[in-house]
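The sequence shown begins at 31 in our numbering and counts up by one.
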Amino acid sequence: MSSLTATEAMAELLRQAKDLTEIRDAAGKVIGVFTPMPTAEPATKGMCYTTKQVFERLLSLTNDPNMRANLQEKIEMLVERDACVSQ
Numbered sequence: 031m032s033s034l035t036a037t038e039a040m041a042e043l044l045r046q047a048k049d050l051t052e053i054r055d056a057a058g059k060v061i062g063v064f065t066p067m068p069t070a071e072p073a074t075k076g077m078c079y080t081t082k083q084v085f086e087r088l089l090s091l092t093n094d095p096n097m098r099a100n101l102q103e104k105i106e107m108l109v110e111r112d113a114c115v116s117q
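Next comes the structure, spelled out in structure tokens:
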């Protein structure tokens with residue numbers, strides 16, 4: 031992949047792009063496309079939950095034995111995985 035360094039003025043213009051954007055010259059001819067880097071902001075503002083917390087909540091909402099067994103298995107796998115990471 032090639033790399034270009036933008037002047038501060040061009041960088042300021044490119045920061046205005048929120049998604050895939052055509053770049054045109056002064057005559058209106060397309061010279062390329064620009065894809066901005068995704069922002070580090072969370073997709074949602076508010077409460078965030080771990081996968082384990084979501085599975086535990088789903089477990090509390092269902093009476094289906096197969097679903098409960100499946101969720102419990104996933105919860106146990108997450109507990110085991112997290113224990114390995116923290117050791």
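Glycine included, each C-beta is placed from N, C-alpha and C at the ideal position.
Burial state of residue i, where buried means 16 or more other Cβ atoms lie within 10 Å
i	result
residue 101	buried
Sequence-distant residues of its chain with Cβ nearer than 7 Å to residue i (five each side left out)
i	result
residue 47	64, 66
residue 86	105
residue 50	63, 65
residue 35	none
Identified DSSP bridge partners for residue i
i	result
residue 62	53
Inter-residue Cα distance where the pair is residue i and residue j
i	j	result
residue 114	residue 79	20 Å
residue 107	residue 82	9 Å
residue 91	residue 42	50 Å
Close beta carbons around residue i, own chain, < 6 Å, minus the five adjacent residues each side
i	result
residue 61	53, 55
Residue i: CB within 8 Å of a non-hydrogen atom of the ligand COA
i	result
residue 86	For the ligand COA, the structure offers nothing, since it holds no ligand at all.
Where residue i falls: helix, strand or coil (DSSP)
i	result
residue 68	coil
residue 98	helix
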